[in-house]
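The sequence shown begins at 32 in our numbering and counts up one residue at a time.
Structure first, then comments.
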Amino acid sequence: MPRLDDFQPIGAIATTAQGLTQLQRLVESGIPLTTWIPPHLESAPCSVQTYHRPLASHLQEHWSHYRAWIFTLACGAVVRLISPLLTHKRQDPAVCVLSEDGQWIVSLLGSHGAGGDRLCQVLAAAIGATPILTGASHAQGYFAVDTWGIALGWQRGAGDWNAIARQQAQGKPLHVYQTCGSSCWRTGLSSDHSLEFVSTPPLENAVWITEKALPPSLTSGVAWHPRVLWLGIGCERGTSAALIQQAIDQTLAQAGLSPLAIAGLASIDRKSNEAGLCEVARQHHWPTRWFTAQELARVTVPTPSAIVAAEMGTPSVAEAAAVLASNGGNLIVPKQILRQGGEPGAVTIAIAQSEREFIPRLGALSLIGTGPGALDQLTLAARSALLAADILIGYELYLNLLAPLRRPGQMVAAYAITQERQRAQEAITLAQWGLNVAVVSSGDCGIYGMAGLVLELLAEAGISDLPVEVFPGVSAVNAAAARVGAPLMHDFCTISLSDRLTPWPVIQKRLRAAAEADFVTALYNPRSRDRQKQLVEAKAIFLEYRSPHTPVAIVRAAYRPQEQITLTTLGAFQPEAVDMFSLVLIGNASTRRFHDWLITPRGYLATLEQACLSE
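In structure tokens:
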């Protein structure tokens, strides 16, 4: 099931049985929907809810309860229904329209800010429909400026976003000034983007990615605010939420910081039930982090207090809590103390800036088998999960093969072929951070792929609260066999000749067992620049048990433009003609060649002959 947490809850409307069937297809593919139908469809055999008022009235009541809507109505009817409900593109939900025959799905509303284009692509991939995207960013293939920080939890700040979006659509250069937050969003840019990254504050055509408030001198530009600021707060018992808020506002204004860059607040655990502090956090939907006095006391701060140490068991609450909450970030605002005449209580506030921004959601891991490399060999579920991901991680070659499928803005992290552990660990780290991560493997991810390694590392670290789903793919052995007929019709096995992780004596033992047992055998990783002898020895082992006339197929780059197929025999095949992009299929005693096919009989004809003789 593709991760669509950013769009939940999703509402759906069907007014006909055929439209309801298409919505049910989405549900069966793993897309969670709340489906509404009129009374005359109440006998429908699926879990739905019924609306009894006119549809326009029903939508008016429920419109704001959902972050996305899917309609199986005509586009014109949907436009008329929703037009009175529209407010602003930063607030309106994404709207997609699915045709009643399931062939087309249109991104009608909220293509950028609400993620409508992304949702449309994921839904289309889930059921094999064609997405209809009409926005300029899709047509021109650029990463729309008003979507840059969505996956990373950034908040859109001040500025004329429409003007900047128009400039980008017209291909005019934008000056990008980034002072905080991750730069991994840049991997979602196309190679021909019209952006200029600058190190000094620009005053026009500017996109600021910053913890700071925009300067009044900025003539044209916008701001993205990564959530990097952690507020460390101490307060006297009974201090009001209003005074705490005033302290926050005053401190931010004096430091020139934007409240949209706040990640959350932190304090000593004795304050975890402080009403005013909890109310401020609740109002802003800020996460809270509480630390023990012992944890706080271990932090070196610029302004420790003996009075605080005597009272709280630590010389610092605000400064130390800010540093701990930011995972050792820089303390950019030392503690400030605010009292208000006539107002009981006092507030101490400090601000630390984390190196990595806070993402206010739970991440997930999708372990995806991409098949032999051709995009038409991807399963619908795998395609949907790939499109839903924030970032793709994998071997660089495999990511390049997926490039035509990537949507603008989708981040990538490419690794060398020997860096499996590094990419698996990074995938886990990014998912724990809050990203929806797709780890790609060629073929099937659970057959010599990344699925096992990622799960091993999760088990080793005891991580059980991270959502993980495995999406199978067409394995290399299936792809190679399909290109040469039906060599796997009877019992078969796969053996990797790479001894980088498995000792060669163990591989030798498996080769001998497979050869003696007469398994059709697929040899993965048969030969590389540094491994020349293993395939030669494998051939020798099989010749001990099988005829030199045993059919052999060498399939290189199956289903890719570089595909090469060689049919030969065990005695004649030449190991030096094989490389790492090849898979070697060795038939069993009954495998035979017919023209360009290899056929391993299952025994059906023999069974039929025996039946005829018995009659």
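By construction, the Cβ of each residue, glycine as well, lies at the ideal position given by its N, Cα and C atoms.
Are Leu260 and Glu242 closer than 7 Å when you measure CB to CB? For this step, residue 260 is matched to residue 229 along the sequence shown. For this step, residue 242 is matched to residue 211 along the sequence shown. Going by C-beta atoms, Leu260 is nearer than 7 Å to Glu242.
Determine, using beta-carbon pairs with one atom in the segment 468 to 479 and one in the segment 243 to 253, whether at least three such pairs fall under 8 Å. no
Buried versus exposed call for Ile338 [16 or more other C-beta atoms within 10 Å across all chains shown]: Reading the sequence shown from its first residue, position 307 is the one you call residue 338. Ile338 comes out exposed.
Between which two residues does the beta strand (DSSP E) harbouring Cys266 extend? Locating residue 266 in the sequence shown gives position 235, counting from the first residue. Run containing Cys266: Leu260 to Cys266, per the beta strand (DSSP E) assignment.
Three-state secondary structure (DSSP) at Arg623? Along the sequence shown, read from residue 1 onward, the residue named residue 623 stands at position 592. Correct three-state label for Arg623: strand.
Integer Cβ distance of Ile41 from Ile101, believed to fall under 8 Å: Here residue 41 corresponds to residue number 10 of the sequence shown, with the count starting at 1. Here residue 101 corresponds to residue number 70 of the sequence shown, with the count starting at 1. Going by Cβ atoms, the distance from Ile41 to Ile101 rounds to 7 Å, so yes, they are a contact pair.
Over the uninterrupted beta strand (DSSP E) stretch that includes Ser298, give me the two end residues. Taking the first residue of the sequence shown as 1, we reach residue 298 at position 267. Looking at the DSSP string, the run of the beta strand (DSSP E) that includes Ser298 is Ile293 to Ile299.
What three-state label does DSSP hand Gln194 in the structure shown? Position 163 of the sequence shown, counting from 1, holds the residue named residue 194. What sits at residue 194 in the sequence shown is Ala, not Gln. Helix, per DSSP.
For Trp628, three-class secondary structure by DSSP: In the sequence shown, residue 628 corresponds to position 597, counting from 1. Note: Trp628 maps to strand in three-state DSSP.
Would you check if there are 3 or more beta carbon pairs closer than 8 Å linking the segment 318 to 335 to the segment 271 to 281? no
Rounded to the nearest angstrom, how far is the Cβ of Gly287 from that of Pro318, given a contact under 8 Å? Locating residue 287 in the sequence shown gives position 256, counting from the first residue. Locating residue 318 in the sequence shown gives position 287, counting from the first residue. With a Cβ gap of about 24 Å, Gly287 and Pro318 do not count as contacting.
Between Phe389 and the rest of its own chain, which residues show a CB-CB distance below 6 Å, the 5 nearest in sequence each way excluded? Position 358 of the sequence shown holds residue 389. Cβ neighbours of Phe389 beyond the five flanking positions: Arg258 and Ala294.
Own chain, CB closer than 7 Å to Arg655, minus 5 neighbours either side, in chain order: A question about residue 655 goes unanswered here, because the residues of the chain that appear run from 32 up to 646.
Between the CA atoms of Lys540 and Gly516 - distance to the nearest angstrom: On the sequence shown, residue 516 is found 485 positions in, with the first residue counted as 1. On the sequence shown, residue 540 is found 509 positions in, with the first residue counted as 1. Looking at the two C-alpha atoms, the distance is approximately 29 Å.
Within the chosen definition, does the segment 166 to 182 reach the segment 202 to 218 through at least 3 CB pairs nearer than 8 Å? yes
Count Cβ pairs between the segment 505 to 514 and the segment 398 to 407 that sit closer than 8 Å; are there 3 or more? yes
Would you mind working out which of Ser221, Ile158, Gly602 and Gly144 sits nearest Ala701, comparing C-alpha positions? Absent from the model: residue 701. The displayed extent of the chain is 32 to 646, so no value can be given.
Neighbour-count burial assignment, Lys570, 16 or more Cβ in a 10 Å radius: Reading the sequence shown from its first residue, position 539 is the one you call residue 570. With 16 or more other Cβ atoms within 10 Å, it is buried.
Going residue by residue through the segment 484 to 557, where are the continuous beta strand (DSSP E) segments of at least 3 residues, counting only ones entirely within it? 499 to 502, 523 to 527 and 551 to 555
Determine the direct distance from the alpha carbon of Trp464 to that of Gly372, and round the result to whole angstroms. Here residue 372 refers to the residue found at position 341 when the sequence shown is read from its first residue. Here residue 464 refers to the residue found at position 433 when the sequence shown is read from its first residue. Between Gly372 and Trp464, the C-alpha separation is close to 42 Å.
Span of the beta strand (DSSP E), counted from its first residue to its last, around Trp135: To locate residue 135, count along the sequence shown from 1; it is residue 104. Counting along the chain, the beta strand (DSSP E) containing Trp135 begins and ends at Trp135 to Leu140.
I'd like to check one pair, Leu104 with Ala125: are the Cβ atoms closer than 7 Å? What you label residue 125 is simply residue 94 of the sequence shown in a count that begins at 1. What you label residue 104 is simply residue 73 of the sequence shown in a count that begins at 1. Cβ atoms of Ala125 and Leu104: not closer than 7 Å.
If we call anything under 7 Å between Cβ atoms a contact, is Arg56 one with Ala395? Within the sequence shown, numbered from 1, the residue matching residue 56 stands at position 25. Within the sequence shown, numbered from 1, the residue matching residue 395 stands at position 364. Contact: no.
Is Thr460 helix, strand or coil when you go by DSSP? To locate residue 460, count along the sequence shown from 1; it is residue 429. Here Thr460 sits in helix by DSSP.
Would Lys564 be called buried (16 or more neighbouring beta carbons within 10 Å of its own) or exposed? By one-based count along the sequence shown, residue 564 stands at place 533. Exposed, because fewer than 16 other Cβ atoms sit within 10 Å of the Cβ of Lys564.
Tell me the DSSP bridge mates of Lys243? Translated into the one-based positions of the sequence shown, residue 243 becomes position 212. DSSP output for Lys243 lists Leu288 as bridge partner(s).
The alpha helix (DSSP H) that contains Ala125, what's its start and end? Counting from 1 along the sequence shown, the entry for residue 125 is found at position 94. Careful: Ala125 lies outside any alpha helix (DSSP H), inside the beta strand (DSSP E) at Ala125 to Leu129.
CB-CB length for Val348 against Ser385, believed under 8 Å: On the sequence shown, position 317 is the one that residue 348 refers to. On the sequence shown, position 354 is the one that residue 385 refers to. The Cβ separation is near 19 Å, so there is no contact.
Report yes or no: do three or more beta-carbon pairs, one from the segment 179 to 196 and one from the segment 224 to 233, lie closer than 8 Å? no
Which residue's Cα is closest to the Cα of Ser142: Asp132, Thr165 and Ala160? Position 111 of the sequence shown, counted from the first residue, corresponds to residue 142. Looking at the Cα atoms, Thr165 is the closest of the given residues.
For Tyr555 and Ala588, I'd like the C-alpha separation in whole angstroms. By one-based count along the sequence shown, residue 555 stands at place 524. By one-based count along the sequence shown, residue 588 stands at place 557. For Tyr555 and Ala588, the distance between alpha carbons rounds to 13 Å.
In whole angstroms, what is the alpha-carbon distance linking Leu308 and Pro85? Position 277 of the sequence shown, counting from 1, holds the residue named residue 308. Position 54 of the sequence shown, counting from 1, holds the residue named residue 85. C-alpha separation (whole angstroms): 45 Å.
Range of the contiguous alpha helix (DSSP H) that encloses Cys415: For the purposes of this step, residue 415 is identified with residue 384 of the sequence shown, where counting begins at 1. The sequence shown places Ser at residue 415, rather than the Cys named in the question. Segment Leu411 to Ala419, the alpha helix (DSSP H) holding Ser415.
Give me the residue from Gly344, Leu283, Pro375 and Leu528 with the minimum Cα distance to Gln367. Walking along the sequence shown from the start, residue 367 turns up at place 336. When only C-alpha atoms are compared, the closest one is Leu283.
Flag this pair as touching only if the segment 474 to 485 and the segment 589 to 601 have three or more C-beta atom pairs under 8 Å; answer yes or no. no
So Leu54 and Thr46 are in contact, right, with Cβ under 8 Å, and what is the actual spacing, rounded? Numbered from 1 along the sequence shown, position 23 holds the residue referred to as residue 54. Numbered from 1 along the sequence shown, position 15 holds the residue referred to as residue 46. Not quite, the Cβ-Cβ distance comes to about 11 Å (not below 8 Å), so this is no contact.
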